[in-house]
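Here the structure comes first, spelled out in structure tokens, and everything after it is commentary.
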Amino acid sequence: MAPPKLAVNILIGVIVCGFVAIISLVQLRGHGRRGMLGFAPGTCVPGFDASLALCAAVAAFGTYEKEDENRVKVFESLNLTNVKTIFEEESEVLAVVAATARGTGPAVVVAFRGTATDKNINEDLNSREKPFDEMFPGSGRGCGAHARVHFGWSHALGTMKDVLADAIKDAAKDLHGTPRLLITGHSMGAATANLAAAALVMKRDGWDAGQVSGVDVIAVAPPRTGNHYWRDCYASLGLEEHSWQLAYAKDPVPQYPAYNSNEAGGYVSLGQILQLGPENGTAELLPSPLFAKQKPGGNFKYHSRKYYEPALASLHCGSNGNLGEPLSTPPAQCRWSASVGVLG
3 MAPPKLAVNI
13 LIGVIVCGFV
23 AIISLVQLRG
33 HGRRGMLGFA
43 PGTCVPGFDA
53 SLALCAAVAA
63 FGTYEKEDEN
73 RVKVFESLNL
83 TNVKTIFEEE
93 SEVLAVVAAT
103 ARGTGPAVVV
113 AFRGTATDKN
123 INEDLNSREK
133 PFDEMFPGSG
143 RGCGAHARVH
153 FGWSHALGTM
163 KDVLADAIKD
173 AAKDLHGTPR
183 LLITGHSMGA
193 ATANLAAAAL
203 VMKRDGWDAG
213 QVSGVDVIAV
223 APPRTGNHYW
233 RDCYASLGLE
243 EHSWQLAYAK
253 DPVPQYPAYN
263 SNEAGGYVSL
273 GQILQLGPEN
283 GTAELLPSPL
293 FAKQKPGGNF
303 KYHSRKYYEP
313 ALASLHCGSN
323 GNLGEPLSTP
333 PAQCRWSASV
343 GVLG
């Protein structure tokens, strides 16, 4: 019989992933009404650029397009070029790599698809933890023996070893200047985005993508990927300061696997979570422990682009901390080369 904590995670996983596999495939877009971001009317969370976050969300949801031609159209609409899809048959993990168009600043964007196949669901459910350094071996800097991560997502990402790094190098070769690397994804794709960022920053074996000026992460509806030692390692790499973890208020997936802050093997969220909604034009910045104390959302419909994209579009808060004009979906311009900064 499975230990109680494992049994809870498996039960939650079965429920979550069954719905996620369906919801993740729904391609819906919308426009939010004019609204405000922050802790008081008319204020913004410093460092947050809703336009860039919305661009990343559109890219993340665009990976679900079934035809490569349609994926290319989505990414080209976001001022990206040299679009390449990577698909690993072993794990059925899919990622799209693209470079910024001429005149927009050098950057490479990597977007991971979320749960879309039965194999993806199997990886979702495999929530036992393994050391990050074991899942992503290397002789250089690591996270240490106590930093443990979700086995299923780490294993799935590991099938892209070498291939993804080579694709990033290829996308960057025609850019003028050293590019920034922005990694995004939705759901399972957000989990693999966070894991990939750490592997690439540390240049673990097979994860050396060449010279970049920085690595940023915009994770859309990210589930938890590991324990608090892993969170500390993620922060020590500077990634906590260069990542936005975006969760819709009633979406249950960011609360999976079950939270446990008192054990080395317990799952915790990364950094601070920018919780969107529940009404368009509202958001709240929550540290990981405070986010964990909230009652998990109970409706999987809130896991879809139908809610995330309008919520981001309604914030229209610029990186200078001032309210701007309402955003279209996708925005007219995507500032991919801009650095993702600390929120709050």
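Residue numbers (the working numbering): 3 to 346. Glycine included, every Cβ here is placed at the ideal spot set by N, Cα and C. Quick caveat, the model's predicted, so the values are computed rather than measured.
- Residue pairing of Pro289 in beta bridges, as defined by DSSP: Gln274.
- Residue burial annotation: Asp164 is exposed, with fewer than 16 other C-beta atoms found within 10 angstroms of its C-beta.
- According to the DSSP secondary-structure assignment, Ile220 is paired through a beta bridge with Thr186 and Trp246.
- If you draw a straight line from the Cα of Gly154 to the Cα of Asp135, it comes to about 15 Å.
- Under DSSP, the beta-bridge partners assigned to Phe89 are Leu96.
- For Pro312, the enclosing alpha helix (DSSP H) begins and ends at Arg307 to Ala315.
- Contact between Glu242 and Leu272 is confirmed by a C-beta separation of about 7 Å, below the 8 Å threshold.
- Only buried fits Asp253, as 16 or more other CB atoms lie within 10 angstroms of its CB.
- Note: Lys68 is not bridge-paired with any residue in the DSSP secondary-structure output.
- DSSP places Glu281 outside any alpha helix (DSSP H), giving it a letter other than H or E.
- Per DSSP, Lys132 lies in no alpha helix (DSSP H); the unbroken beta strand (DSSP E) holding it starts and ends at Glu131 to Pro133.
- Leaving aside the five residues that flank Ser79 on each side, the residues in its chain whose CB is nearer than 7 Å to its CB run, in chain order, Pro332.
- Residue pairing by DSSP places Arg150 opposite Pro133 in a beta bridge.
- For Val165, the enclosing alpha helix (DSSP H) covers residues Val165 to Ala174.
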